[in-house]
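Each remark here refers to the structure printed beneath this line.
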Amino acid sequence: MTAAKPVDKLTSVEADKELARLAREIAEHDRHYHAEDAPKISDADYDALRRRNEAIEERFPLLVRPDSPSHRVGAKPSEKFAKVVHAKPMLSLDNAFADEDVADFAARVRRFLGLKEDDELAFTAEPKIDGLSASLRYENGVFVQGATRGDGTEGEDITANLRTLKDIPLRLSGKPPAVLEVRGEVYMTHANFAALNKRQEKDGKPLYANPRNSAAGSVRQLDPAITASRALNFFAYAWGEVGKLPAASQWDMLQAFKAYGFQINKETRRCKTTDELLKFYRGIESKRATLGYDIDGVVYKVDDLTLQERLGFVSRSPRWAIAHKFAAEQAETILEGIDIQVGRTGKLAPVARLKPVTVGGVVVSNATLHNEDEIARKDVRIGDTVVVQRAGDVIPQIVRVIPEKRPKNAKPYKFPDRCPVCGSHAVREVDEKTGKADVDRRCTGGLICSAQAVERLKYFVSRDAFDIEGLGGTYIELFHEKGLLKEPADIFALTRKPDVVSQLLSEHRAALSEARREKEGKEPVKKKARKDDDKEDKVVENLVASIDRRREISLDRFINALGIRHVGETTAKLIARNFHTLDAFVDAMESDHAVADLDVIEGVGETVAEAIKDFFDEPHNRTVLKHLAKEVTVTEVKAPASSGSPVAGKTVVFTGTLEKMTRPEAKARAESLGAKVASSVSKKTDLVVAGPGAGSKLADAQKFGVDVIDEDAWLKLIGG
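Residue numbers 40 to 759, in my numbering, belong to the letters of the sequence shown in order.
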């Protein structure tokens with residue numbers, strides 16, 4: 040969704056705060072889309088958020104957050120399937136939305152590789168299938184396991200379901216590698232989707248919204264027989280772990296897949312110039328309606344696998360590929376109201392309530408308005424007719440207001456200056472350094488604001504944090520209202536109060552039942568049925584077991600669960616990797632040099648460091664930590680190591696000009712060998728690689744007695 044202020048007008052402080060907001064919001068949408076098959080916003084909304092984030096990061100590269108959406112993939116897998124750890128991560132793709140984006144992508148590839156304009160650089164171009172990503176593992180040519188993408192590292196075991204797909208061979212033809220993971224997309228054709236909905240209608244069952252959701256839901260059924268009845272298809276287009284690559288290019292790998300017995304997309308082409316890529320894109324866009332299956336864009340990949348390996352990956356996506364997305368669909372509707380929701384950090388988030396409208400076959404009724412500046416800039420008023428757009432599944436983006444259709448009595452929206460939950464003042468904090476006001480208005484109630492307390496507890500139990508299944512928002516709100524939950528440690532105390540929990544749930548269920556009966560004009564029920572008692576007991580039993588299963592947690596998830604402002608999943612991993620244990624982390628944060636210790640970590644930065652320090656400076660937070668530490672065991676996070684690497688576990692800083700490889704390539708290579716690349720030199724730095732023009736970092740290295748080598752020595756050290 041378009042932000043309140045153009046990117047080129049943002050100050051660095053505004054950009055930093057907006058990147059934090061975008062990181063949180065996009066992470067939540069990723070979870071809804073990938074783990075639950077129930078997206079809360081449209082592809083158009085989501086793409087706009089990502090596009091906004093990327094634009095800010097491009098203008099302010101030093102502000103790129105370690106928990107940036109550009110580092111993120113998907114969401115945690117469902118608990119109803121066994122987990123599968125991918126031998127190689129399943130990453131998603133960066134997006135392009137305009138011709139210029141495609142040209143920039145090609146230019147970035149050339150810069151990273153140090154290629155000149157006239158050096159040959161070929162790409163493959165293929166339709167981007169709108170389905171569910173899956174990875175198929177073959178050993179000695181036999182299909183042994185199938186998994187969803189999940190969070191990119193860990194997916195769901197859907198082997199039995201995938202075996203039912205006719206496009207997935209159970210045994211490969213020819214002579215495939217001893218180990219081969221083939222990756223691709225499970226999808227449903229338009230014809231099969233229509234047939235499925237016809238059967239649903241005949242059986243008196245709800246109709247499905249679109250082929251993508253139908254395919255995702257079908258392949259994640261607990262009963263493989265249901266999957267088998269859904270007529271799903273599969274296109275192969277990538278790979279994970281491979282014993283020995285059978286080809287040297289992306290194009291030839293696809294031909295190998297075809298020889299093994301897989302379906303590959305016949306529309307795929309090899310292109311040598313940006314103009315050829317764009318011509319392919321427009322050709323596919325023009326025939327999109329006749330393909331017989333849904334696509335939402337085109338994917339471009341560097342063809343040469345050696346170049347792919349050199350380019351490597353950023354945290355969430357390969358540098359050698361990009362998805363060129365199609366434009367969004369639009370419709371008109373009425374803005375019926377604006378609700379204000381209060382988040383865990385006190386942010387007042389305006390949510391637009393829309394008159395339900397069908398856009399591209401899906402009914403949508405809500406949209407996030409972000410902040411008061413967004414509302415003022417677009418002059419959005421209750422009662423306005425607005426243009427909304429989507430390129431996916433549910434909630435639309437408000438593109439613009441149609442002034443000529445505005446009711447005469449429509450008044451400019453006045454954003455509240457008090458918290459709608461606790462009544463405390465809601466203010467826009469002013470940065471002392473710049474004098475600029477924060478883009479978000481926040482409740483000043485802090486610990487007295489029940490909305491913030493509840494949202495923090497909801498975040499604590501969420502998938503990326505403690506992941507306590509069965510303890511959803513409704514229960515959190517109920518237990519907090521009744522005084523059972525005030526801080527995270529209280530969650531674990533619930534296991535010692537099963538009778539109290541059962542009684543609360545029983546009363547809650549009875550109240551809901553009576554309210555429903557009163558609404559329907561029925562007589563109240565005097566006694567709850569025994570079967571309901573049994574059901575309540577089972578719910579409590581499952582909840583207690585679910586909480587107890589989370590009494591041991593890794594340091595990174597523990598840090599993320601604390602809900603510290605600006606700290607997300609990726610930042611928490613960086614911190615955990617640096618400090619390893621909870622005691623070491625807490626000791627460092629309670630020291631006078633906490634900010635300096637955090638700031639030196641590549642990807643953390645001063646803003647995040649100060650937010651973490653502020654968290655630990657609050658006595659209440661330290662008390663919460665002590666209480667929580669008595670209930671759970673926090674396991675050590677060891678630094679990733681590369682077997683046999685001479686730099687594994689070492690902290691390296693690059694400074695000056697590198698002549699044998701580009702700076703991004705050097706950093707990527709160091710990290711792949713298990714090194715930690717820092718942005719500044721400290722006494723904890725192990726090695727400084729200095730090229731011509733090295734400045735203050737070289738001086739710092741000399742001050743701290745850190746070893747300094749040149750680029751040639753670095754290449755010799757890591758084996759070229």
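Even glycine gets a Cβ: it sits at the ideal position worked out from N, Cα and C.
{"Item": "Under the three-state DSSP convention, the category PHE274 falls into", "Value": "strand"}
{"Item": "Distance CB(VAL381)-CB(ALA490) smaller than 8 Å", "Value": "yes"}
{"Item": "Residue of ALA709, PHE693 and GLU750 minimising C-alpha distance to SER735", "Value": "PHE693"}
{"Item": "Backbone CA spacing between SER257 and THR620 [nearest angstrom]", "Value": "42 Å"}
{"Item": "Spatial distance of ARG327 from ARG90 (CA atoms)", "Value": "24 Å"}
{"Item": "Inter-residue Cα distance where the pair is GLU306 and LYS155", "Value": "30 Å"}
{"Item": "For LYS244 and PRO703, the rounded distance between their alpha carbons", "Value": "54 Å"}
{"Item": "DSSP-derived helix/strand/coil call for GLY279", "Value": "strand"}
{"Item": "Secondary structure of VAL579, DSSP reduced to three states", "Value": "helix"}
{"Item": "TYR452 (DSSP reduced to helix, strand or coil)", "Value": "coil"}
{"Item": "6 Å Cβ shell around GLY730 - same chain, five flanking residues per side excluded", "Value": "GLY695, THR696, LEU697 and GLU750"}
{"Item": "Same chain, Cβ closer than 6 Å to LYS127, neighbours up to 5 away in sequence not counted", "Value": "GLY279 and GLU280"}
{"Item": "Residue closest to ARG616, alpha-carbon to alpha-carbon, out of LYS689, HIS659, ALA650 and LEU551", "Value": "LYS689"}
{"Item": "Cβ-heavy atom distance, LEU697 to the ligand ATP, below 7 Å", "Value": "For the ligand ATP, the structure offers nothing, since it holds no ligand at all."}
{"Item": "Supposed contact pair ALA611 and PHE499 - C-beta distance, whole angstroms, cut 8 Å", "Value": "Not a contact, Cβ separation roughly 13 Å."}
{"Item": "Sequence-distant residues of the same chain with beta carbon closer than 8 Å to ALA568, five excluded per side", "Value": "Here the model assigns ALA568 a pLDDT of 49, short of 50, so the residue's position is not dependable and the matter cannot be decided."}
{"Item": "Alpha-carbon to alpha-carbon, GLU641 and PHE654", "Value": "21 Å"}
{"Item": "Separation of ASP503 from ALA584, as counted between CA atoms", "Value": "19 Å"}
{"Item": "Spatially closest choice to LEU423 from ARG309, GLY485, ILE441 and LEU58, by CA coordinates", "Value": "The sequence as given places Asp at residue 423; Leu does not occur at that position. Among ARG309, GLY485, ILE441 and LEU58, the Cα nearest to that of ASP423 is on ILE441."}
{"Item": "Cut-off 6 Å between Cβ atoms - residues of its own chain near VAL46, not counting five sequence neighbours on either side", "Value": "ALA94, ILE95 and ARG98"}
{"Item": "Alpha carbon of ASP479 to alpha carbon of ARG596, nearest angstrom", "Value": "27 Å"}
{"Item": "When GLY351, LEU209 and ARG420 are compared against TYR299, the one with the closest alpha-carbon", "Value": "LEU209"}
{"Item": "Inter-residue Cα distance where the pair is TRP290 and PHE296", "Value": "10 Å"}
{"Item": "Inter-stretch contact at 8 Å, needing at least 3 Cβ pairs: the stretch 193-205 / the stretch 228-235", "Value": "no"}
{"Item": "Chain-order list of residues whose beta-carbon lies under 6 Å from that of ASP798 (same chain, five-residue window excluded)", "Value": "Any question about residue 798 goes unanswered here, given that the chain covers just 40 to 759."}
{"Item": "Which of helix, strand or coil DSSP assigns to ASP631", "Value": "coil"}
{"Item": "Classification of LEU68 by the beta-carbon crowding that lies within 10 angstroms, buried from 16 upward", "Value": "Sequence inspection shows His at residue 68; the Leu mentioned does not correspond to that position. Buried."}
{"Item": "In DSSP terms, what CYS482 is bridged to", "Value": "ALA465"}
{"Item": "Own chain partners of ASP9 with C-beta closer than 6 Å, once the 5 adjacent residues on each side are dropped", "Value": "No information on residue 9 is available, as it lies outside the stretch 40 to 759 that the chain covers here."}
{"Item": "Run of the beta strand (DSSP E) containing PHE182, from where it starts to where it stops", "Value": "181-187"}
{"Item": "At least three beta-carbon pairs within less than 8 Å, the stretch 174-190 to the stretch 218-228", "Value": "yes"}
{"Item": "Inter-stretch contact (C-beta, 8 Å, three-pair minimum) for the stretch 181-194 and the stretch 267-279", "Value": "no"}
{"Item": "Backbone secondary structure at THR513 - three-state DSSP", "Value": "helix"}
{"Item": "Selection from PRO658, HIS229, SER404 and THR483 that minimises the alpha carbon distance to ARG467", "Value": "THR483"}
{"Item": "Buried/exposed call for ALA710, threshold 16 Cβ in 10 Å", "Value": "The sequence as given places Glu at residue 710; Ala does not occur at that position. When all chains shown are included, GLU710 counts as buried."}
{"Item": "Sequence-distant residues of the same chain with beta carbon closer than 8 Å to THR674, five excluded per side", "Value": "GLU591, ILE592, SER593 and LEU594"}
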